[in-house]
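S.K.:
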Amino acid sequence: MATNTKRLLLSDLVSSDKIDQVPSHYIRRISQRPNLQNVYHDHTIPLIDLHDLYTPNRSHVVHQIGRACRDYGFFQVKNHGVPESTIANMMNIAREFFKLPEEERLKTYSDDPTKTTRLSTSFNIRTEKVANWRDFLRLHCHPLQDYIHEWPTNPESFRDHVAEYCRSARGLALVLIEAISESLGLERDYINRQLGNHGQHMALNYYPPCPQPDLTYGLPGHTDLNLITILLQDEVPGLQVLRNGHWVAVDPVPNTFIINIGDQIQVLSNDRYKSVLHRAVVNCEKERISIPTFYCPSRDAVIGPASELVTEDEPAVYRQFTYGEYYDKFWNRGLATENCLDMFTVTSSSS
Ligand code: OGA
Ligand code: NI
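Add 1002 to a position in the sequence shown, counting from 1, and you land on the number used in this note's numbering.
Encoded structure:
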């Protein structure tokens, strides 16, 4: 029986009202539904072993990374240097957080996307017309000392475990950024130097079981606005990547991360590497947790195509902008289907 209490978070709606149908504001138009029966399950993205990055075989790994960035925009990594215990603690603390009583979780609730620590639902409920089947806790995590005091203190070890994970994930991001620079023929520290003071955000995504997964999304198709994303997912499938016009499922492999190129690498590489559409779908039976780390420039960093990659034959595709400008445009758009990058091309009217 439906109650009249308005729930801010989807997880509380699902657990309290025992709903057996998706509420109408989550339902996509027929032409925009996930079409789950058409998803490919027998293709996958490359799995790259990072072990050799610091051996004489480095150039081989750099080459594999470059090819994956160019051809897929996505790859998985193993031997990535993040300890298994750090990963397990992160996943467990996320699960505990989403199991806290509603009033405890709501202490961090906000629908203001400019807040640096907040629990919210869907994507941006201030601008979107159709909601998504997701709750999320979003944290800024670099420089850690600027933000950690805002983070939840319940569960008790939340800050310790999440901080340890953030430091480790940042180490991996820096290694990958160097390899990506080299794979583009740039100096190893080129991209690192473009990022100002650097930034790092993360989301703890919680996707409750959904009675009608064909009608809605955890997250609809989107590209990530940041530089690179390091995704940790639990054992429940849900991530899908667009490849050659088909949605391909990327099913979980224990102790690997999924890496994807974000819009800022597409800009820096002057379109050699593409920020690829991906989405999260939901299922009837199991809740799913995913934890993306979004590595990014600081707001004041000026981003544009690397001059070494701009030639007479390949002129600059994008104008220069600050990451802050890009970030604000992205969030105000409401995860619309149009690509945010299109607003920053040389040929689009600058405003
Ligand atoms: C994201 C994202 C995918 C997932 O948060 O940007 O793409 O599997 N998440 O949750
Ligand atoms: Ni994403």
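From the three backbone atoms N, C-alpha and C, an ideal C-beta is built for every residue, glycine too.
Could you spell out the range, first to last residue, of the beta strand (DSSP E) harbouring Thr-1116?
M.R.: No beta strand (DSSP E) holds Thr-1116; DSSP gives it neither H nor E.
S.K.: When DSSP labels each residue in this structure, what does Gly-1068 get in the three-state scheme?
M.R.: Of the three classes helix, strand and coil, the one that applies to Gly-1068 here is helix, per DSSP.
S.K.: Which of helix, strand or coil does DSSP assign to Ala-1004?
M.R.: Residue placement at Ala-1004 is flagged as unreliable, the pLDDT there being 47, under the threshold of 50; a coordinate-derived value is accordingly withheld.
S.K.: Based on Cα-Cα distance, which residue from Thr-1258, Ile-1305 and Met-1345 lies nearest to Leu-1049?
M.R.: Minimum Cα distance to Leu-1049 is reached at Thr-1258.
S.K.: Starting from the C-beta of Asn-1334, find all residues in its chain whose C-beta is less than 7 Å away, skip the five residues before and the five after it, and write them out in chain order.
M.R.: Hits under 7 Å: Thr-1129.
S.K.: What does Ala-1205 pair with, by DSSP beta-bridge criteria?
M.R.: Answer is Arg-1140, bridged to Ala-1205.
S.K.: Taking the continuous beta strand (DSSP E) assigned at Lys-1331, which residues delimit it?
M.R.: From DSSP, Lys-1331 is part of no beta strand (DSSP E) but of the alpha helix (DSSP H) over 1325-1334.
S.K.: For Ile-1150, I'd like the list of residues in its chain whose CB is within less than 7 Å of its CB, leaving aside the five on either flank, ordered along the chain.
M.R.: Same-chain partners within the cutoff: Arg-1161 and Ala-1165.
S.K.: Lys-1080 by DSSP, collapsed to three states: which one?
M.R.: The answer is strand: DSSP assigns Lys-1080 an E or B state.
S.K.: Contact between the segment 1306-1317 and the segment 1095-1110: three or more CB pairs below 8 Å?
M.R.: Taking 8 Å as the limit for Cβ pairs, the verdict is that the segment 1095-1110 does not touch the segment 1306-1317.
S.K.: Once the 5 residues before and after Asp-1226 are set aside, which same chain residues still bring their CB inside 6 Å of it?
M.R.: Closer than 6 Å at Cβ, skipping near neighbours: Gly-1264.
S.K.: Return the chain-ordered list of same chain residues with a C-beta closer than 7 Å to the C-beta of Pro-1154, the five sequence neighbours on each side being excluded.
M.R.: Excluding residues within five positions, the ones whose Cβ falls inside 7 Å are Phe-1099, Thr-1110 and Phe-1160.
S.K.: Between which two residues does the beta strand (DSSP E) carrying Ile-1050 extend?
M.R.: Run containing Ile-1050: 1049-1051, per the beta strand (DSSP E) assignment.
S.K.: Can you find at least 3 beta carbon pairs, one from the segment 1248-1255 and one from the segment 1195-1210, that sit closer than 8 Å?
M.R.: Output reads no: the segment 1195-1210 does not touch the segment 1248-1255.
S.K.: Give the single residue among Ser-1124, Asp-1344 and Lys-1288 whose Cα lies nearest to the Cα of Ala-1133.
M.R.: Selected option, being the one with the closest Cα: Ser-1124.
S.K.: Less than 7 Å between the CB of His-1280 and some heavy atom of the ligand NI, yes or no?
M.R.: It does: the Cβ of His-1280 is within 7 Å (strictly closer) of some heavy atom of the ligand NI.
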